[in-house]
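Each residue of the sequence shown is one higher than the one before, counting from 163 in the working numbering.
One structure is given below, encoded as structure tokens.
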Amino acid sequence: MKILVTGGAGYIGSHTCVELLQAGHEVVIADNFYNADRAVPSRIEKVAGKPVTAVYPIDVADKAALNQVFDEHQIDGVIHFAGLKAVGESVQIPLRYYRNNLDTTLTLLEVMEAHGCNKFVFSSSATVYGPNNKAPFTEDMPTSATNPYGWTKVMIEQILRDYCAAKPAFSAVLLRYFNPIGAHPSGLLGDDPNGIPNNLMPYVARVAAGQLPKLTVFGDDYDTPDGTCLRDYLHVVDLAKGHLSALEYANEHTGAEAFNLGTGNGTSVLELIHAFMKENHIDVPYVIGPRRDGDLPGFWANADKANRVLGWKAELDVNDMCRDAWTFIQTPKD
Ligand code: UD1
Numbered sequence: 163m164k165i166l167v168t169g170g171a172g173y174i175g176s177h178t179c180v181e182l183l184q185a186g187h188e189v190v191i192a193d194n195f196y197n198a199d200r201a202v203p204s205r206i207e208k209v210a211g212k213p214v215t216a217v218y219p220i221d222v223a224d225k226a227a228l229n230q231v232f233d234e235h236q237i238d239g240v241i242h243f244a245g246l247k248a249v250g251e252s253v254q255i256p257l258r259y260y261r262n263n264l265d266t267t268l269t270l271l272e273v274m275e276a277h278g279c280n281k282f283v284f285s286s287s288a289t290v291y292g293p294n295n296k297a298p299f300t301e302d303m304p305t306s307a308t309n310p311y312g313w314t315k316v317m318i319e320q321i322l323r324d325y326c327a328a329k330p331a332f333s334a335v336l337l338r339y340f341n342p343i344g345a346h347p348s349g350l351l352g353d354d355p356n357g358i359p360n361n362l363m364p365y366v367a368r369v370a371a372g373q374l375p376k377l378t379v380f381g382d383d384y385d386t387p388d389g390t391c392l393r394d395y396l397h398v399v400d401l402a403k404g405h406l407s408a409l410e411y412a413n414e415h416t417g418a419e420a421f422n423l424g425t426g427n428g429t430s431v432l433e434l435i436h437a438f439m440k441e442n443h444i445d446v447p448y449v450i451g452p453r454r455d456g457d458l459p460g461f462w463a464n465a466d467k468a469n470r471v472l473g474w475k476a477e478l479d480v481n482d483m484c485r486d487a488w489t490f491i492q493t494p495k496d
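Rendered as structure tokens:
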């Protein structure tokens, strides 16, 4: 199939492009490179050993530009990653988050409709389980959010359900990611945020590499076995493979369907730091600090549905994630 990947130069998008190419699909990337390096498409080609069909450096909310993509390519399906994703920033500039994340999705759906394209895989987040459900989360739980970023995911899921109800031929797969970390084992693709990282693994890797002095563990007085928060970390390569399974599902079904992509296991912040040190034989200096606003103690998936319906299961473990994140930060890129 010929697949349009919006945000295809980003962290999860780039790994997904590699898996698509390796599985024999054609890949067209649309990415405004707001939060991605211009060199990523050529790294995707290097890793996959195959060319990307086309790269459009456009904003997906630019309807004329997006129409041109669909005019120039017979797109069979879309995987939609493009969007803003920093929780704290979304609280500071909510309108920008709502405008950007909703506009890109609505524009994409309108352009797909005009071109008769009916298969859509959406990059959602486990953040849609909100503060009121209890882990492990199952797909039938009510959704909500605690910040504008999370609400954009809840809203887009609803838009897709409403659209599927109105368009019986349309298929939307809503993938609720838990905590993707790690990198491609080649060391050429990974999570490389601009500025100081917000998320745990890129922070750990930069401390290990001596680029930041020390890590602060946000709270060790939670009601968990070691007092630090539990998260369902999953390897980004496993996550990327989940998109292939979702695409196959979209090809054979119609309607909107949500799936958790996680391992089903909770790992604490301290366990992750110690796994990183042990796996890579390197010290990661850390101190215990206060809790971070908005953090929940335990957040992990019930991953049965993806396994049962999509035939997908995470195969890599926390040690693989730590090894590959460390390889990525040490590998010269070009
Ligand atoms: C965060 C977002 C989530 C989003 C996901 C995307 C919040 C509250 N949640 O998830 O909505 O979908 O990123 O990747 O921002 N930690 C430290 N020190 C650090 C950084 C993190 O102790 O310097 C801890 C956090 O308190 C948390 C764990 O590490 O317990 C994981 O944090 P992070 O990687 O930011 O992910 P989430 O907060 O789970």
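The beta-carbon is built from N, C-alpha and C at its ideal position, and this holds for glycine as well.
How many angstroms separate the CA atom of isoleucine 237 from the CA atom of proline 342? 27 Å
Simplified DSSP assignment, three categories, for histidine 415: coil
Neighbourhood of leucine 268 by C-beta, 8 Å cutoff - its chain only, sequence neighbours within 5 removed: Ile321
Beta carbon of aspartate 385: closer than 7 Å to some heavy atom of the ligand UD1? no
So asparagine 263 is in the alpha helix (DSSP H); what residue range does that whole segment cover? 256-276
Please find out if some non-hydrogen atom of the ligand UD1 comes closer than 7 Å to the beta-carbon of tyrosine 365. yes
At least 3 beta-carbon pairs within less than 8 Å: the segment 225-245 vs the segment 197-211: no
Can you tell me the Cα-Cα spacing of leucine 401 and isoleucine 174, whole angstroms? 8 Å
For valine 446, does the three-state DSSP call read helix, strand or coil? coil
Answer yes or no: the CB of asparagine 341 versus the heavy atoms of the ligand UD1, is any distance below 7 Å? yes
Exposure label - aspartate 353; buried when at least 16 CB within 10 Å: buried
In three-state terms, what does DSSP make of proline 494? coil
Can you list the alpha helix (DSSP H) stretches of 4 or more residues lying completely in the segment 282-339, in chain order? 310-328
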